[in-house]
Structure formats: structure tokens, C-alpha cells
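*Asks:* As they're listed, the protein sequences go chains A and R.
In case it helps, my numbering puts the first sequence at residues 1 to 853.
In case it helps, my numbering puts the second sequence at residues 854 to 1084.
Note that CB positions come from ideal geometry on N, CA and C, so glycine has one too.
Since the structure is predicted, the reported quantities are computational estimates derived from the model, not experimental observations.
Before anything else, here's the structure in question.
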Amino acid sequence: MNVNNNTDRPRSLFRWMVVMAWRDSRGQRRILFLLTLCIVFGIGALVAIGSFRHNLEVAIDLHSRSLLGADLSISGRRSFTEKTENFISTLGGEQSREVRFRTMAYFPKQGKTRLIQTRALEGRFPFYGEMVSDPEEVDFLTPDTPVALVEDSLMIQYQVQTGDTVKLGGMAFEIVGSLKRISGENGVAGIFSPRIYIAKKWLNATELIKPGSIARYKVYFKLPNEIDTAFLEEAEKGIFAEERLNYDTVEERKRNIGDVLDNLYDYLNLVGFVALLLGGMGVAGAVQVYLREKLNTIAILRCLGSRISQAFGIYLLQIVIVGLIGSTLGAALGISVQFLLPWVLSHFLPFDVHVFISFKNVFISFAFGWLISLLFAFIPLLSIRKITPLHALRFSFENQHLLRRDPWFWTVSSIIAAITLGFCFTQTSQLRYGLGFAGGLAGSLLILSGLSLGLTWVLRHNYPKKWPYALRQGLSNLYRPHNRTVFLIVTLGMGTFLIYTLYLCQGLLLQQVTSWGAEDQPNMVLFDIQPDQVEGVTAIINDAGHSIIETVPIVTMRLTSINGQTIPELKADPETKIETWALNREYRSTYRNHLIETEQLIEGELTVETKGEEPIPVSVEESIAKSLAVKLGDRILFDVQGIPIETRVESLRKVDWQKMRTNFYVVFPNGILEEAPTFYALVTKVPDRVATADLQELLVNKFPNVSAIDLSLVIETITSILNRVAFVIRFIATFTIATSLVVLAGSIITSRYQRIRESVLLRTLGASSGFIQSMMAIEYLLLGTLASIAGVTLSLLATWALAHFVFKLSYNVEWASLPVAMITVSLLTLIIGLANSRGIARHPPLAILREEG
Amino acid sequence: MPDQNLIHPILSVKFLSKVFQSGGQPLTVLKDINFNVTRGSSVAIVGPSGSGKTTLLGLCAGLDEPTSGSVTLNDRDLGKLNENERAELRNLNVGFVFQNSQLIPTLTALENIIVPLELRGELDSFTQAQRLIENVGLGERANHYPIQLSGGEQQRVALARAFINDPKILFVDEPTGNLDRDNGQHVTDLLFSLNKASGTTLILVTHDQEIAARTERILRIDDGQLVDNEC
């Protein structure tokens, strides 16, 4: 007898485990392959997102300068004062100037108007990166006649060609080309206000900049040396604070874009992680079924002298290899998908991204996904330790392994929970958000499980006894011994929940906007109306047969001090709670003697009229009060176009910003601002889109400086943005759906032999193949229906919570979409179920047993 | 001089009892079983269905733990060994033949036979296994899977597996229970001839009186108790 010595024995035994793992997998490799598929999509999502993030980081570094187009930009809300110009001249370098503001563009040939953003440029810009146009490198700055470069999407929308005319204010510009892209700005930027570039020398001729016009004045620098950050920090406290200027550097822009992309990446990663977790659950379920078939083999090996560790090792090896194969396939899928992501995210990326394989990220996602699958598979593997050799003689009813009494079960489960929480935390960067997401995930799984159990119980105890036999048999299959009904409902339900919640939230947000179009609600706001234009604009609107809901005077002003502290002092105070943007901004305030329907007094009293004695009692909106850290009785000194006016916070208002009205942060009483330079906004109600277009055309021809925002534009813009965002999220959520479907297919295939046995018995007893197929179809249909009910129910709950706590919107559901969602999930389950059950009903019973044995 | 076989029987069972919990109630399957088995002998355990024969076999082979009493197998008290030690003992000293052959479905006939040796670390014993499979008349079926073999052929492979590790004691549970008469006869003849050739102790559970009669000793069990111990 050739017995190895002690040093060789462990190696021999390991070799035997490897050989045995391979041999034991014979005839089961299809099932093992299904196990690999469970994790492929989850790992694919993580690899794609992680690798693409690396690509983005490299692209941001590479294109950093082109993100701003310059080394430095300084901007303000009013034209630069002498003091500012002196400061700018000290900085040196090459400079270019820009004035940008919103106004109405009119295309005479097409008879169309649109709110756009005019950018009046002087000098070479961008210094870094490019302005991509068609034709290439078109010159709109130097020609002696007024020409314009128009946003490509706008030209397409209104079928405008190069050579056509666009009127901006009092001036007509020949369109010399279409603007495709500017480095540093993404596609979404141009959705609400498409961009039109003109030379700054024509700005005055347009007569669009009037007192009160909202414009941003910018200067861009190309500097010979690196920016001195200390110098900028000093300037921020000094001249920038005094002159209400903002500045932007490449580093700042990189940080901002990085933050935005990080948020996007983190969110997408979380969605991908859900797919991996579902896949892990699928692996656990499939391994459990797989091992059930191996009970006898394990018992025989134990009888013949195998140790527990050896038997355990055989199947652990199989799972390790399955996990490695699945991770490899997932990584390959992820790398392929990575090359699609620039297209998926095209509207949100401000530059071209060179896609390359990020091996480090591929490896990390690969290892992480493999670890997760192994941990989940470990749970059912634990039961191997309790299989006694007695099972080979007969099944011992004392042999049942109760997982919940096994400390290793709790250890492995805790590790999975800790990894999940850790992953959520790293993606959300705040413990409470990480906890929130992990808690939400756990809660969703619990609720889905509860719903599944409840629904199956209800169905089981309440079906009509007179249902046809095929229907009753299909139903009873859902709770056959060792069924995976609840598990399948949870995985399918989770996929349904993700996609349907996204759909409902999108609808909720859009509905909020469309509700503005209710019968009695205004749907158009005209602004930038000069005092001498009010009468004319009013006449045009009245002549068109529309009612004017309100005409609102607006006075621009700036903050000078709060409670005696000047703006520079407040900015320099390290303990201030005041937000900088609230100090810098130009305030547009109004005066009236009443509250409007979107306002509600929450503290103090509204003073309706003043005799002009300072401090003037003003009403402040609650959120700006919080941003300025002011309360009742505090004093605010405003600079009303050169005139200081001291005010006192007399009341606080709550404003419904979601209504289409002219809402204000600060409201003065009558009797103080009537003599101040004022411009007007006018709110009206127009019956339909045709009337809107007609009115806009009339107005832009007579009063080209008057801008209009109509509700249809708002709806169109928000819809467009939401669709783009939803597309990205849906793209990643598809991985979760795919995982759910693979888990479903896996479950059906792993239970195939059991179904065959049942089918064979029924066929032996006289059932037709049609009956068998009906029975299976009913089972899958019921499964899909229960899953869709569970998923949709959770979706409705989650959407309610989001509406109530996050969006703060009223909760309205498009009920018509509910049956569509449910039917889709049910049919998908039916199709996959029947596809994987092919042949069971048609072949002769004995032939099936020979094939499958 | 004392008979070594009597002093060191290969199997010694003392006051062996086994009680199961069934639906919260205790179910006594075996009660105070006592017997010894000398080396090289053959013993049949007979009794009606449900009398506890298979349970007794399992306890004697170390596949289960008694509620009380002791089993000493090849001078090792099974009660003092842990599960892995019992497994090792089985691998080195014991052969098994089950009623339904219990071949591993994913291994070929030859691979099934060699499992006990591979568990010891002997990975290159195919020659030995080939010899055995030819002894049982299935030389040309060595690479067939169990599903490709008939019930009788499977049981012959199981016999070959039981003898591959030169066991000191062979436990056999109803070897012909699932076979027709002719196959059963063939398997029984093979069992006894292999046993005789190897000199292995044989413990055989059967309800077949003819098979029992071929052993040297018969232990009768009824209702969990040893009622007869005839030679």
C-alpha cells in the first residue's frame, strides 16, 4: 500500500479536493455557469462606473484649464467700477471680456421667439480648450457687420440655417455658424437658455441692457505666471467683498466639477451595488439548491472517510472558481460598457473623455465583487459541516441544520452587513447618508419579503376552490417544499421597485410643473419691462384678449450692512453663519401693501405703508432670513442704487416658490421706493401655445428688451433635463433588472429536475402536455404578478416618502402606469420561465428521465 | 492461553441504546444491545422492518452516536473519538455496501472505487482499482457513470469500492434489497467470495434468510432488542 508520509499528505489531500471538485462538477456545469451569471451584471456595473470615474479624473486633469477657458475669471452683477478696473489692470496678462444676460431672440424668417442667453464677447476666448462651431473656427468678433454664433440645438429646433437672421433687441444679426460645444460647459447648460455669441461692440446697439437688467460682467485672464492663491484670498476679503465680485480659478472649477461628477458617480455606484447584492442573494439561493442535490454525495464521502473540512473544501473550491469566472465575465462586461458611458453621459460631460481600461479599478471591482459572491455563497455552504455520514444510510430527522443557531451564519451575515454599510458610507461620504441608504436597502428587502409572505399567504388561503385544476396546481407550485417563491419575489420586486420609483419620481416632478398650468394659474411672466413700456406692454396683452394678473414693480439694491456690520466685516468674521452668496447678490425687491397668494406670514406683522421714517419695516422671506442669519428686529442697510436705506425686519414670510408668480426675498411697504429706479414684471395667463407664440412675437417686435418665460418652456426644459438624468439612472438600473432576470432563470433551471419529476408523474397519471404547460405558465405568471405587486407597492411607499420628506411636493400618482408596470414584469417572468422550461411538457417521460439523470 | 479474538474482538458493543426525539416524544429504537464480533467472522443482523437493524449498523460503523452505551471498533472506543477521527478510522479500517449502492453520480465506476484510497492521499491507485473492477466482472465498464449501469452493476461497483482499502471490517446493509433475484444472487456470491478471499470481518444487515444463513452467526433484533444470538 502506497501511503504518503505526513509532509506529503496535506498536499495530496488538497490535490484530491481539486480533482474531486472538478469531477463533482460534471453534469452540473450549466448550473454552476448560472451561478456565475448572477454576479456578472453587478460586477459589470461597478467595473464600468469605477473605471469611467478614473477616465474622468484623468480627463479633468488633462482639460483642467479648458474647464474655465482661462487661468482666472472675475465676474460681477454690474458693470465694473473704476476701482475694479484699476484692480483688473494690475493683474496683467491677456484679457477678454464678456457680458452675458438672458433676453428674447427673434428669428424673423421662422417667426419664432425664444428666451436665450446672449454672450457679448470681446477678445480671444477661450484661451484654453475650444469653441467648436460649424463651420470650424468661424469669426464672429471682428466683422464690421453684426453677426452671431447660435447654439446648434436652437438652430435645429427652429430650423434656422447659417445665413438667416436673428434679432436681439433692436439689432439684427446675421447667423454665421452654429455653436456645437464650448470646453468646460456641458450640454445641459444650453437647455434652458441656449447660447448666442455676439461681439461686445454691438451690445449697446441692441439696447438690451437697461436699468435693472440682470446681467453678469466677466473678465477672463490668461496669466503669464501661476496664480498667487494668497493674493486672491486677500483680494476676496478686500476688493472682491467691497465690489461684490466673484472669482473662479482652474482649481476651483476642477473641484466643483469633480464634486458634481463624484456625486453622480457615487449615486450610480450605489445603484450598481444593489445589482451586486441581488446577485449575491441569487448566488446564495442557487448554491443552496445546488447543495441540496449534493447531500447524498457528501454523506457518502463522509462514510468513506472524508473529513468535514475535505467535503467542505470541495464545494468551497467550486464556488471560488465559479466566483472568479463570474467576476472575470463581469469585468469584461464592465469594460465593454465603459466605452458606452461617454455616450450615456454625453449631456453632462463638459469635455471629451478618452476611455481607457483602468486596470486598478477593474481589479478592485473584480476583487470586491468576487468577495461579495463568496460571502453570500458561504452561508449555504455552512450547512455542509452538519451533514453526517448517517445520511448515506437514511435521512435523519435529527440532521436538520438550523442556520439561525449557527454562530458562523451570524458571523458571515455580519461581515456582509458591515461591507454593505462600509460601501454605502464610502459612496455617500457621510455616515448618516450611508446609514440611510443601507437602512433603506435593508428596509426595502424586509418590506419586500414581508409583502411576498403576505401575498402568498393571502393567495394560498383565499383562492376559489372552483378554479380550474391547472390554475390550482400552478398556484400550489408556488409553495411546494423547498420553493424559492419569496426569494424570487424579492429579487424581481427589487428590480421593479428601482425602475418604477424612478418613473414615479420623474412624473411627480413634472406634475408639479404642469400643475402650474391649472385653470386659474398664471403661465407667463414678462420681465425687464421699463417704466415707460408698462402701458404699451399692457395694451398688447389686453388687445390679444389676455388678462393681466399682476404688474409688479422691481427695484434693485445691494446689502451694505447687517446690524451695523459691513459686508467686508461680515465676510472676514470667521464665526459668521451668513452665507456668502446672500451677501454678494443683487436683491430685486418690490413694494406693496398686501400679501399675495403664494405668501404666508409666519412671524411679525406686515406693514402696508410707511411715511419714510427709517428704519423702514420690511418683510423678509424665511430662507433668505436664515441665509443672512437675521431675525425679527434686526437691521439691514440697503444700497438702493446709491441711496442708503436702513430697514428693520418686521415680519418673516413663508413663500411657495414652486408657484409661477413673482416672489421676492424682501418686500417693502408702500411709500418709500416709488421714486427709485424701477423696472417691472408682469404676470399673465395665456390659453395655449399658439397664443403664447403670437404674444411673444408681438412683444419682441415692439419691445425687444422685454423677456418672457412661459410655462411650456419651463415644462419642456425640465422634461428634457429629467429625461437625460432618468436615462442615465435607468441605464445603470438595467444591470439590476438583468441580475433579477438571471436569478429568476437560475432558480427555474436549478429546480428543473424537480419540475420534471412532477411533470413526469402528472403525465403518467394522464395529464396532457398542454395541461403541464398551462400549469407552468400559471405558476410563472403568478410569480411575476406577485413580484410586480410587491415591487410596485414598495415603489408607491418610497415615492410618497420622497415626495413628503425630500421634494416636499404633494403626492400624486399616475395610476394608469400601474397596470402597465405590473403587466410588463408579469409577462417578462412568464417569458423567461417558459423559455427555461422548454421540452419538459413535450417529451416522453422516460426520455426526460434518461436525459436529465 | 486466552483466545486473542475473544480478548480483542474487532467489534464490541456494550449496553448500546439509541433514542430519537420524534415530535417532542422520545422514540427508543435500540435498547441495551450487547454483543462482540470476532475478527474474520461473519455476522448477519436480521429482524422485521423497523426493528432497528440499520440503526444498529450505523452505530457500529461510527456513522452515528449512541444515546448510551459504547461501541469499540478495532480497539478504538468510538465514543471517545471526534467526527474527524471516526472518519479516519472508517477510511483505514471499514468498508461499506449500502442498499442502493450509493455511488457518487458524477464519478465513473473506476473513480467511485478509488475514492477511499484518494482520501488517504493515494492518488495513483488506478491499477489496483482496475484489478478490482475486473474481479467484479465490470472491467470494460470502468469509465461508465452510475446512470449508465444497471442496479446490479452499480452494486458490484459498490462492492469493489468497499474492498479497495483492504478493510478489516465490512458493513453491508441489505445488499440485494433493490435487486431482482438473479442479480441479488450474483451480488451475494461476489460479496462472500471477496470476503473470504480477503479475510475481512463481515457485518451484514438483511431480511433475507438465505443470505443470513450463509453467515457464521445471526443476531436477531426485534423492537430494538437483541432477541437471539445464534451461530
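1) List the whole-angstrom C-beta distance separating Ile-74(A) from Leu-245(A), where the pair is believed to meet the contact cut-off of C-beta under 8 Å.
2) Assess, as a yes-or-no matter, whether the region 756-772 of chain A is touched by the region 422-429 of chain A under the definition of 3 or more beta carbon pairs within less than 8 Å.
3) Would Trp-16(A) pass as an interface residue toward chain R - the criterion being a Cβ-Cβ separation below 8 Å?
4) Looking at the secondary structure, which residues open and close the alpha helix (DSSP H) in which Tyr-315(A) lies?
5) How would you call Thr-678(A), buried or exposed, if buried means at least 16 neighbouring beta carbons within 10 angstroms?
6) May I ask which residues mark the beginning and end of the beta strand (DSSP E) holding Val-555(A)?
7) According to DSSP, is Leu-797(A) part of a helix, a strand, or is it coil?
8) What's the call for Gly-833(A), buried or exposed, on a 16-neighbour Cβ count within 10 Å?
9) With Gly-27(A) and Thr-959(R) assumed to form a contact (beta carbons below 8 Å), what rounded beta-carbon distance in angstroms separates them?
10) Please name the residue, chosen from Phe-273(A), Leu-277(A) and Gln-318(A), that lies closest to Lys-294(A) on a Cα-to-Cα basis.
11) Have a look at Ile-554(A) and Val-640(A) and give me their C-alpha separation to the nearest angstrom.
12) Closer than 9 Å by beta-carbon distance: list the chain D residues that pair up with Asp-1026(R), in chain order.
13) For chain R, find out if any of its Cβ atoms is closer than 8 Å to the Cβ of Ser-306(A); answer yes or no.
14) Report the CB separation of Ile-967(R) from Ala-982(R) in whole angstroms; it is logged as a contact under 8 Å.
15) Considering only the alpha carbon of each residue, which of Gly-305(A), Ser-383(A), Gln-565(A) and Ser-336(A) lies closest to Arg-939(R)?
16) With which residues is Leu-121(A) paired in a DSSP beta bridge?
17) Taking the alpha-carbon of Asp-378(A) as reference, which of Gly-313(A), Ile-335(A) and Trp-343(A) has the nearest alpha-carbon?
18) Along chain R, in chain order, which residues have C-beta atoms closer than 7 Å to that of Pro-389(A)?
19) Rank Trp-16(A), Thr-590(A), Gln-565(A) and Ile-60(A) by C-alpha distance to the C-alpha of Thr-662(A) and give the top, closest one.
20) Who does Ile-643(A) pair with in a DSSP beta bridge?
21) Any C-beta of chain A within less than 7 Å: which residues of the region 925-945 of chain R qualify?
22) For His-63(A) and Leu-498(A), what's the separation of their Cα atoms in angstroms?
23) Check the Cβ of Gln-983(R) against every Cβ in chain A and list those closer than 9 Å, keeping chain order.
24) Which of the residues in the region 1019-1049 of chain R, read from start to end, lie with their CB under 8 Å from any CB of chain A?
25) For Gln-952(R), I'd like the list of residues in its chain whose CB is within less than 8 Å of its CB, leaving aside the five on either flank, ordered along the chain.
26) For the alpha helix (DSSP H) containing Pro-464(A), name the first residue and the last one.
27) Are Ser-712(A) and Thr-736(A) closer than 8 Å when you measure CB to CB?
28) For my contact list, Val-150(A) and Leu-179(A) are in at a C-beta cut-off of 8 Å; report their separation, rounded to the angstrom.
29) Whose CA, out of Leu-783(A), Glu-599(A), Asp-352(A) and Thr-576(A), lies closest to the CA of Gln-658(A)?
30) Please classify Lys-631(A) as buried or exposed, where buried requires at least 16 neighbouring CB atoms within 10 angstroms.
31) Strictly under 8 Å for the Cβ-Cβ distance: is Pro-879(R) near chain A by that measure?
32) When DSSP labels each residue in this structure, what does Ile-957(R) get in the three-state scheme?
33) Got a sec: is the Cβ-Cβ distance from Gly-27(A) to anything in chain R below 8 Å?
34) Does DSSP put Pro-407(A) in a helix, a strand or coil?
35) Are the beta-carbon atoms of Val-618(A) and Phe-664(A) separated by less than 8 Å?
36) Please report the distance separating the alpha-carbon of Trp-202(A) from that of Ser-817(A).
*Replies:* The relevant details are as follows:
1) Their Cβ separation, rounded to whole angstroms, is 6 Å, which keeps Ile-74(A) and Leu-245(A) in contact under 8 Å.
2) Fewer than three Cβ pairs drawn from the region 422-429 of chain A and the region 756-772 of chain A lie within less than 8 Å of each other, which leaves the two stretches out of contact.
3) It does; some Cβ of chain R falls within 8 Å.
4) Going by DSSP, Tyr-315(A) is part of the alpha helix (DSSP H) stretching over 308-338.
5) By the Cβ neighbour-count rule, Thr-678(A) is buried, with 16 or more other Cβ atoms within 10 Å of its own.
6) Run containing Val-555(A): 547-562, per the beta strand (DSSP E) assignment.
7) Of the three classes helix, strand and coil, the one that applies to Leu-797(A) here is helix, per DSSP.
8) When all chains shown are included, Gly-833(A) counts as buried.
9) With a beta-carbon spacing of about 6 Å, Gly-27(A) and Thr-959(R) fall inside the 8 Å limit used to define contacts.
10) With distances taken between Cα atoms, Lys-294(A) lies closest to Gln-318(A).
11) One C-alpha to the other measures close to 11 Å.
12) Judged by its chain identifiers, the structure shown contains no chain D, and its protein chains are A and R.
13) With 8 Å as the cut-off, Ser-306(A) counts as an interface residue toward chain R.
14) Taking the Cβ atoms as the reference, Ile-967(R) lies roughly 5 Å from Ala-982(R), within the contact range of under 8 Å.
15) Nearest C-alpha to Arg-939(R) among Gly-305(A), Ser-383(A), Gln-565(A) and Ser-336(A): Gly-305(A).
16) Beta-bridge annotation (DSSP): Leu-121(A) is paired with Glu-98(A) and Ala-199(A).
17) First, the residue type needs correcting, since residue 378(A) is Phe and not Asp in the sequence shown. Ranking Gly-313(A), Ile-335(A) and Trp-343(A) by Cα distance to Phe-378(A) puts Gly-313(A) first.
18) Those within 7 Å of Pro-389(A) in chain R are Leu-916.
19) Taking only the C-alpha atoms, the option nearest Thr-662(A) is Thr-590(A).
20) DSSP lists Val-640(A) as partners of Ile-643(A).
21) Going along the region 925-945 of chain R in chain order, one finds Glu-936, Asn-937, Ala-940, Glu-941, Arg-943 and Asn-944 with a Cβ nearer than 7 Å to chain A.
22) Here the alpha carbon of His-63(A) sits roughly 35 Å from the alpha carbon of Leu-498(A).
23) Simply none; closest approach about 15 Å.
24) When CB distances to chain A are screened at a threshold of 8 Å, the residues of the region 1019-1049 of chain R falling below it are Asp-1019 and Asp-1026, in chain order.
25) Sequence-distant Cβ neighbours of Gln-952(R) in its own chain, meaning closer than 8 Å and more than five residues away, are Asp-1026, Glu-1027, Pro-1028, Gly-1030 and Asn-1031.
26) From DSSP, Pro-464(A) is part of no alpha helix (DSSP H); its letter is neither H nor E.
27) Inclusion of Ser-712(A) and Thr-736(A) in the CB contact set at 8 Å is not warranted, their separation being larger than that value.
28) Between Leu-179(A) and Val-150(A) the Cβ distance is about 6 Å, and since that is below 8 Å, they are a contact.
29) The candidate whose alpha carbon is nearest that of Gln-658(A) is Glu-599(A).
30) The residue is exposed, with fewer than 16 neighbouring Cβ atoms inside 10 Å.
31) Put simply, the CB of Pro-879(R) is far from chain A, with every gap to its CB atoms at 8 Å or more.
32) In this structure, Ile-957(R) counts as coil in the three-state DSSP scheme.
33) Closer than 8 Å: yes.
34) Of the three classes helix, strand and coil, the one that applies to Pro-407(A) here is helix, per DSSP.
35) Annotated as distal: Val-618(A) and Phe-664(A), with beta-carbon spacing of 8 Å or more.
36) Going by the C-alpha atoms only, they are around 52 Å apart.
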